[in-house]
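> Protein chains in written order, with my numbering: chain A, 1 to 165; chain B, 1001 to 1165; chain C, 2001 to 2165; chain D, 3001 to 3165; chain E, 4001 to 4165; chain F, 5001 to 5165; chain G, 6001 to 6165; chain H, 7001 to 7165. Using N, Cα and C, we set each Cβ at its ideal position, and we do this for glycine too.
(1) Less than 8 angstroms between the CB atoms is what I'm expecting for residue 5075/F and residue 5050/F, so what's the real figure, rounded?
(2) Examine the Cβ distances between the region 4015 to 4030 of chain E and the region 4091 to 4107 of chain E and report whether three or more of them are shorter than 8 angstroms.
(3) What runs of the beta strand (DSSP E), each 3 residues or longer, lie entirely inside the region 5081 to 5114 of chain F?
(4) My assumption, with CB atoms under 8 angstroms, is that residue 6166/G sits in contact with residue 6125/G. Please give the rounded CB distance.
(5) Would the region 2051 to 2071 of chain C and the region 1063 to 1077 of chain B be scored as touching if the rule is three or more Cβ pairs under 8 angstroms?
(6) What does a CB cutoff of less than 6 angstroms around residue 5127/F pick up in its chain, not counting 5 residues either side in sequence?
(7) Return the first residue and the last residue of the alpha helix (DSSP H) that residue 6152/G is part of.
(8) Rounded to whole angstroms, what is the Cα-Cα separation between residue 6108/G and residue 7137/H?
(9) What is the DSSP secondary structure of residue 2053/C, reduced to helix, strand or coil?
(10) For chain C, find out if any of its Cβ atoms is closer than 8 angstroms to the Cβ of residue 84/A; answer yes or no.
(11) Starting from residue 4061/E, follow the beta strand (DSSP E) in both directions and report where the run begins and ends.
(12) Kindly indicate which residue of 4129/E, 4010/E, 4034/E has the alpha-carbon position closest to the one of residue 5081/F.
(13) With a threshold of 8 angstroms between beta carbons, is residue 7113/H in contact with chain A?
(14) Is the beta carbon of residue 2040/C less than 8 angstroms from the beta carbon of residue 1011/B?
(15) Do you know how far the Cα of residue 144/A is from the Cα of residue 24/A?
(16) According to DSSP, what are the bridge partners of residue 6034/G?
(17) In three-state terms, what does DSSP make of residue 5073/F?
(18) With 8 angstroms set as the bound, which would you pick, yes or no: does the beta-carbon of residue 2077/C sit closer than that to a beta-carbon of chain B?
(19) From residue 3073/D to residue 4047/E, what does the alpha carbon distance come to, in whole angstroms?
(20) Could you give the first and the last residue of the continuous alpha helix (DSSP H) run that contains residue 23/A?
(21) Using 8 angstroms as the threshold, is the C-beta distance between residue 7035/H and residue 4162/E below it?
(22) I want to verify the contact list: residues of chain H whose CB lies under 8 angstroms from the CB of residue 110/A, in sequence order.
(23) For the alpha helix (DSSP H) that residue 4125/E lies in, which residues bound it at each end?
(24) Thinking C-beta only, is residue 1013/B closer than 8 angstroms to residue 1054/B?
(25) Could you tell me the distance, in whole angstroms, from the CA atom of residue 6104/G to the CA atom of residue 7120/H?
(26) If we ignore side chains and look at the alpha-carbon of each, how far apart do residue 6155/G and residue 44/A end up?
(27) Under a three-way DSSP split, which group does residue 42/A fall into?
(28) How about residue 3080/D: is its C-beta nearer than 8 angstroms to some C-beta of chain C?
(29) For residue 3126/D, decide whether its Cβ has a neighbour in chain C, counting only Cβ atoms nearer than 8 angstroms.
(30) So what does DSSP say about residue 3002/D, is it helix, strand or coil?
(31) With a cut-off of 8 angstroms, does the C-beta of residue 4072/E fall near any C-beta of chain C?
(32) Only counting the same chain, and skipping five residues up and downstream in sequence, which positions put a Cβ closer than 7 angstroms to that of residue 5005/F?
(33) Roughly how far, in whole angstroms, is the beta-carbon of residue 2009/C from the beta-carbon of residue 2018/C, given that I think they are within contact range, below 8 angstroms?
(34) Could you check how far apart the C-beta atoms of residue 3110/D and residue 2123/C are, in whole angstroms? I think they sit under 8 angstroms.
(35) Out of 3007/D, 3016/D, 3133/D, 3037/D, which one is the CA nearest neighbour of residue 5157/F?
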């Protein structure tokens, strides 16, 4: 099946975190590709990935990186496919460096930034799904179901804790 | 013409900043509505706006707020329309409070966060346009033209500075 | 016995921290209920809990959450029962995200914010007790006794350390 | 009429900010006294104010201070009357110093901390009112009316902005 | 021998850190007492310790505390004996809370603040010694010797590393 | 009269802030010298000033600097005269850079750090006086009088505000 | 004369700050070119500038940018000419965003980062000169003279302040 | 072979981090010396090292330190050899203290600052190599080869992850 989302990470060590995005997409039966590219160490490769994404009609790009995390911004500057940035906690500064390097994109080239780390990676998957659901009623229904399951899950956990009181 | 984007701000004093989002959208001939709603002071009104947005098939919601800026998160928790959050600099903490209140959304409900203040508001408009361009080739062309104009503008400014050297 | 305090947490994983609030309340024989609700994943459940709290004449609500911690603010926007917010350390940003998401509530809807983590949860229990003690002289006496015990405890520890000198 | 709330500020230059708390209280016909006391420069005076507050059955104490803002914590350590802390922006560090000096109170002695500056001072007044409303149904009604007025105010502002669209 | 320095810590769990101050003082044969007192939980005890310190002609007071670390400021407000503050890392905020609660003392009552944690505790002992050395040439000589030893120690470590090159 | 305190600042533009230290010292009739020296631009001059200070039996050195504020640390590394550091707000980072560059001195060489800016400069003067008062009962009395005046001043301001209530 | 240093800034509004770098270079008779290029809005132009710099044997590149300041990192990823990054204060976050976006470059591609704003721009010019002085004894002498002038300047300012004492 | 780079660290415990710089240099066959010197505990030794470096025609100095990390600034103030500063994470403040103590050098004396910790140490080695490559075409070729290897390495890792998809 043709992939609809491209997930790029700055380093292969980011895989355990970025997997969270892929898991969410798989759950919604959204085909995606995951790969590695560094804005700084492999700028040409990054460009080629973007060109391929445009040719194969990728609908959303998710890019995760740590430290001075330029990857999503660099990707966004070469395409108008929406880019979601996931800041990673990869230095002693607790991910604040990656967060500011993504969210503070100057006027002209936006990056849709989510939370630092695993929570952010998961939300990146969800945001990508929500963006594509605008023209995909079946996907929209799946996301609504997912939300209901979250509700049920919270209610079950609540019930357990209430019983213990 | 039917609006495609809803811009909500937490207070009418946020208008000069949030106007930047509307300007970008107008430039791309994307009809939008701008209004005020507070996640905290008018929770019911916020809910009604979301229900109306869903009925009138709004495609993207942009929400700007300052301080403990819950507006985009609260909106996002009631709809699967993609929500873009614009953190505003409305306290002595320089907008860091609004930024963290938006970008650090816990897993399950994403907010696409952009930069603090005017730069962010402008990018929110651009991001909304890019999201809608996925199914609107005419809009995609306009955004590509806009990017070319940015290039030309930078080159003209560069030429002026180079002459002065 | 009818509960007087409602303790809500954003996730069941917050229980070991929020337990500190319940422990303090139990020590003062203040009945309380503990449950889970997420401002974002279960907004309706959150509303229902608040309505029930008002009906059953809950006197104080304690709400703990991490990341973009909207729970106490959302609760506070739907009731005038005093709401105490406990910011939790649930992301690589060390709880600063949760702290600012609570304490920086915009004008109109206050959240009484305490320290990040266990120390805050314990103080939330004490603050709830102090609020209720205004009309409950027996409770006031218990809190004063508790303070004396703290004094004694510090003095005993001091004595031990002084002996070692 | 006997005052029910004591407002203390660390310096007379804090008056324009702390006035916001008094304004809210006056609006609800809650008598209050405002005065100056420094935890550091006038520790004895601070103690005397607390003793007097206890004798005259003050129900809530609001304390505002800047920098290493110990005033609310010192007050709270000498009484079990609930203490609300308002961090003031009085140094080049933007109020972060005062915020952390209040909200991070160690376990045992809570301070109910609100936002930095005027927004916080206003919310301190509202929180004090909400605490007292638990046993004062007339006051509770006034607060509920106030909330409705906030709603109306936001709606009017929204209408203005919507017309301009 | 009559103690010349009083070391107070906010909690007995601070002992392993504050020990560093005592070790330095012992090395210079400066008698000191170590004890526990909390600015908030035992304000009276804190006052009594200060009065005793004045009576027994203590020359420097070292006070260590974490979180909203008021202990050194409260001590300093009741005496003109120089007070050295050691901020402790006792919350998820990494000691930044304790640091700002000490160093940002408002005009009128200074606290001589040193680094967060063990490095600061050690330097507190050295600073106390330097303050007393002004009138104690024998102590001055010991401190100068200590500095020379530090130099030798660094040189030995340097030699080891240089050999490995 | 022989100066007892040396006030060094990193730049002549720091004079309006560092004057606060000199004012306090003059009020206590403590002779002091004020001068400029940069740890980085004039390292030799800095060394010479320290040697002179030791020869002329200066008792305390106050050093103020902004940005990467090494001046007090560099001074402290060349003498055992107690060094008080005043961090100045001289960059867009609000003085946090200067604060951390002073207070976080590594083990071995302490700098007694006070608050950022004017409040800190004033407290540096007071701390210097308190250090010297240990062997100067007349000075001790002056400082105690100063504290009483502060008390009176606060009480007068309090009275004014109370009358306005 | 052939330029030896290329100064790039992200926006023409950065000119008043980046001019400081050019002024220093002119003072040392080092020919330089100044121009504008945005890593995000004009990625191709940025690449072309780098290729030209390599062809014309530019020895050092200085790049200034604000917000998520990727310019120096992007430049550095395409050349092995040393790149100096000047973080600019161009958002409500005080330049902390630009600083972390430059200095936290991940392993493989270094950016030599200097201080935020004008001080940094000036130091970027000096650092460029120092780098080139390694093979240019005449330039080395000019830099040494410049340092002596700085010393004299500080001494003159010191003399003025000492006279006022 | 005559060393071309001097690596100084503030403490022998910094060796595992600073080794990263030496490894990079060795890989490019650039001879270097590694040693320990503390700006504060061994100022004279630091000066002597600089004088020796100048005599032996060292081309770049790399200095790593933690906390109030003055070492690179102090070195830079005594020589015009380019100084690269590596901030180390050596306190509870996560390296932010060392970073600001280096990068915020005031105008006149630049320090080329890189990232906190190991990533920074490695980049310091690379930056030193790039600075020397300006006059050493063989070295330039080695750095270009290194970059190609980085590209290959990323591509191999990408291939592995893509296969797993």
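Here's the rundown:
(1) 6 angstroms
(2) no
(3) 5083 to 5088
(4) Nothing in the structure corresponds to residue 6166/G, since chain G is present only between 6001 and 6165.
(5) yes
(6) 5084
(7) 6137 to 6164
(8) 20 angstroms
(9) helix
(10) no
(11) 4060 to 4066
(12) 4129/E
(13) no
(14) no
(15) 13 angstroms
(16) 6007/G
(17) helix
(18) yes
(19) 16 angstroms
(20) 15 to 27
(21) yes
(22) Those do not exist, as residue 110/A stays about 26 angstroms from chain H at its closest Cβ, beyond 8 angstroms.
(23) 4118 to 4133
(24) no
(25) 8 angstroms
(26) 53 angstroms
(27) coil
(28) yes
(29) yes
(30) coil
(31) no
(32) 5025, 5030, 5032, 5058, 5059, 5060, 5062, 5128
(33) 5 angstroms
(34) 4 angstroms
(35) 3037/D
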